[in-house]
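Read the structure below first, then the notes.
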Amino acid sequence: MSTPNPMSRHAQVLIAGGSIAGLALANALEKVGITYFVLDQWQEIAPDVGASIGIFPNGFRILDQLGCHDAITALLGGRDAFDVMKMRDERGQMIFQMDDASRRFRERLGYEPVFVDRQMIIRILFDSLADKTRILTSKGVVSVEQDSNGIRVETKDAEVFTGGILVGADGVHSTVRREMWRIADAETPGLFPLKERNKVPTEYCCIFGISKPTYLFDEYSAQYILGRGHSYLLVSGVGGRIYWFLFKRLDKTVRGLYEKVPRYTDAERDALAEEHANDRFSDKLCFGDLYSLRTAATLQALPEFVFSKWHHGRIITIGDAAHKFNPIGGQGGNSALEDVAVLINQLVKLLNPTEKHQTFTSINIAQAFENMQSKRLKRARALMRTSHVNQSIQAMDSRRSAFIAKYILPLANAEHALSALLGTSKPAARLDMIDVPERLHYDSFYDERAAKPLSKSLMKLPRMVVDPIFAGLGYLLYYQLGGLAAEFTRDVVRALMGDTPIHSVLSVISARHAGPSEWSDSERMLRLLFEISWATPIILTWLIEGHRQMNHCSLISKPSILIVSSQIFGIAGTAAAYYLTTAFSMTAETSTNGDNRHVSLYAARVLLPVILAGYCIPALLMIFPTLFSSRNASILWQLMTGAIALLILELSRTLSGRKKNAASESHVSDAPHLMTAYKGTVLLSSFYHSLFVAYASYLYFPSSAIFSLSKLVDATYAFMGEEYVLTTAVMVLFELYRVLDLRRRGFTTTREAWNAAVLFLGAQMVLGPGAALAGLWWWREKKVIALGIKFAKL
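For the sequence shown, the tail end lands on 1149 under the working numbering, and the numbers increase by one without skipping.
Okay, here's the thing in structure tokens:
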């Protein structure tokens, strides 16, 4: 086969299957100058088989690279595909909805989801080809032979094609995959384990169909309907047509492929539809109504698999031939497009620009195929698991899934749903050799980030080290602060038994924080200066996190609780509890998403003024009492500190009320104000830290004294106390872990992360722990925002 048979047709790449994966591959090959033939079994390109497809951002970006974007968006007639996405329970009652769905997707990743007839996308891909003569119909593959020199394919009409490689893009019942297995079984028995082939599970079947428009269903909407042992997906499409899916769990899991996969008749389809005819989608619409308006409907089994090996010799499978997901996630076609991108990326590396006639050798083909599979296997498995879990929850097919559906999903909001849907697109591959057209967006695909995100598994070792340390520090703090809390409780109880309980309680609180009546109380003054320099940035971070979108309705969204707690139990204990709790729950990427990261604009604008008025200036009155006695200044400081959260809330409401007609907040409208707050807090904290250092030097190292490191350590420990030392350790460890986590997510490079960590540690002594904390948060916020907007300087 090294020399093509004169009676056969030859190309570098033979593609079995002319659907979306096959034609997308053809477009990509044409763009990089690799010859090909597409061998399709159908008699015409883009036959109408009543199938639909959802294009999500990961697939849409690749289609955009292939020049199909404008043709696809033209199908929408100049408007958004989805005004709303909804989820309903089994009675048709609303669980939650996401308004402006298309706009949200487009603003986040540059592409909105599109749901159309599958043949429409196939036709667009076909029309995008310059040379359409290489797309051959009625050429279903029936047999394959290969050797070290090439591949030989025979089609159902007895025509022979030869090539360098064969790509099986011929679907779940792939002939190419079967032939590949046959060849491998003869050459290398066990390469494709029989157990894996025979254990492919089919747990669900699905009636998928298209119905005529009805006013009873919301136009430009997508809706998920939960059920018991079944679920629905309903999507409005071009021309008002309604695409729908009824997913039904089988009574018994079927295993195996090809002949073992159940096949259904129209009578069985109609019987299943009749069984669910009264399932309600809303007060006015049930499934029977939609089924009666059908223009197409097919009942098919839904096998689910991701094979551990996709290639052998000169043959490779992609798309449904290599992996098949439950279609509820909408990632089947999109994942096939990713296969195309990664395969092309590898094949291009084999090309030698100095050679006129390119050939693929057995050795470099094997390496290219192995690289392609290694880059796609883990992601394909993750997508299959995600789709399977989503189906299980929406069909409530187990106690665990039913619990989640009944009690967890109702707690979700639009942002949760959007983050979950976008989360499947962000790690997507693309064509490396073709520029991505500019589509404005403020969130990021992984390959757009400063560095390649690292595997979550790489964080296991740091967590194994960090978690026990956190636990140990937490125990020490509990042991240290437990006695203080008990003592405080006894004091409050005694105060409440007095004649003026309110005044007495305030006295108890202020007594624990009062400034010195004179500077002669040196240790107390040092402690006060350190606490102010250290606590100012901590309170700022509480206020910022409390007004982030991601923390809406969570305990963190109530910074007043943290601030009041710090007044009662001390800033050290409260901060430690906050860091420890956050550390053990910090797993999701929500804090780095555009909308989730966003802080209310009006709250962001008043952060620094409120910190100044409510904390730092009253603190100065304690240190330098003029208008007030030290005792009264201390009480004022406590009252103002406790009121900080309320001040921000009221001021932000006042400002927002004056701007009712202003444009809606952008995802980075808060950025300049946050940067100002961080910078100002660094300066404030550094100022108080400099007072602390100057006074400590005056006390412990007069001009005649000899500097002693041990004396400095002893003195520092004496006035700080164990709780401040331990809490500072918790804070430093927590922030270093956050730097590592930011690198893991790809928002910064390894070198930048190291530099930030070193500077953060060095700043602990030079600027103080508080200023170091504010500076690190300033840097981190800039890194996250930088992917969404091109600031000249923040």
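Note that beta-carbon positions come from the ideal geometry of N, C-alpha and C, so glycine has one too. Predicted, not measured: the structure shown is a model, and the values here were computed from it.
Asked	Found
Local conformation of arginine 364 per DSSP, three classes	strand
Contact between the segment 503–516 and the segment 382–399 (3+ Cβ pairs under 8 Å)	yes
Which residues DSSP lists as bridging proline 658, in chain order	Thr557
At least 3 beta-carbon pairs within less than 8 Å: the segment 737–750 vs the segment 675–695	yes
Secondary structure of tryptophan 1133, DSSP reduced to three states	helix
Rounded separation between glutamate 467 and alanine 890 - CA only	44 Å
Integer-rounded CB distance, given that threonine 1103 should sit under 8 Å from leucine 1097	5 Å
Where lysine 441 falls: helix, strand or coil (DSSP)	strand
Beta-carbon proximity list for leucine 380, same chain, < 6 Å, skipping 5 on both sides	Ile370, Val695
N- and C-terminal bounds of the beta strand (DSSP E) containing histidine 585	585–591
Cβ contact check for the segment 561–581 and the segment 632–651: 3 or more pairs under 8 Å	yes
Three-pair Cβ contact test at 8 Å for the segment 893–900 versus the segment 953–971	yes
Beta-carbon separation (whole angstroms), valine 954 vs aspartate 1025, contact threshold 8 Å	4 Å
Buried/exposed call for glutamate 542, threshold 16 Cβ in 10 Å	exposed
Residues near alanine 760 in its chain [Cβ-Cβ closer than 6 Å; skip 5 each side]	Leu581, Ile748, Met751
Beta-carbon proximity check, cysteine 423 vs serine 483, cutoff 8 Å	yes
Span separating the alpha-carbon of isoleucine 410 from that of serine 690	10 Å
Buried/exposed call for isoleucine 506, threshold 16 Cβ in 10 Å	buried
Beta-carbon separation (whole angstroms), threonine 1151 vs alanine 656, contact threshold 8 Å	Outside the shown range of the chain, which is 356 to 1149, sits residue 1151, and nothing can be said about it.
In DSSP terms, what glutamate 500 is bridged to	Arg507
Sheet register partners of valine 393 (DSSP bridge)	Ile370, Ile490
Per-residue DSSP class, three states only, for tryptophan 889	helix
contact_flag[the segment 419–436, the segment 471–491] where n(CB pairs < 8 Å) is 3 or more	yes
Closest by C-alpha distance to alanine 676, when choosing among Arg903, Val1087, Leu1054, Gly377	Gly377
Runs of beta strand (DSSP E) lying entirely within the segment 409–470, each at least 3 residues, in chain order	439–443, 449–454
Arginine 1093 and leucine 773 closer than 8 Å at C-beta	no
Cβ shell of tyrosine 646 (< 6 Å), same chain only, five flanking positions each side left out	Ala628
Integer-rounded CB distance, given that phenylalanine 715 should sit under 8 Å from isoleucine 640	Note on identity: in this sequence residue 640 is leucine, with isoleucine being the wrong assignment. Actually they do not touch by this definition, with Cβ atoms about 54 Å apart.
Cβ distance (whole Å) where alanine 1032 is taken to contact leucine 1128 below 8 Å	Wrong, their Cβ atoms sit about 13 Å apart, outside the cutoff.
Under the three-state DSSP convention, the category lysine 664 falls into	coil
Cysteine 641 - partner residues in DSSP beta bridges	Arg635
Bridge partners - phenylalanine 325, DSSP secondary structure assignment	In the structure as shown, the chain starts at 356 and stops at 1149, and residue 325 therefore has no counterpart that could be examined.
Cβ distance (whole Å) where tyrosine 559 is taken to contact arginine 618 below 8 Å	15 Å between Cβ atoms; not a contact.
Backbone CA spacing between alanine 841 and serine 920 [nearest angstrom]	Low confidence applies to alanine 841: its pLDDT is 48, below 50, so where it sits in the model is not reliable, and the reading given next is rough at best. Roughly 14 Å between the two C-alpha positions.
Beta-carbon proximity of isoleucine 450 to isoleucine 375, cut-off 8 Å	no
Buried or exposed by the 16-neighbour rule on C-beta atoms within 10 Å, applied to isoleucine 490	buried
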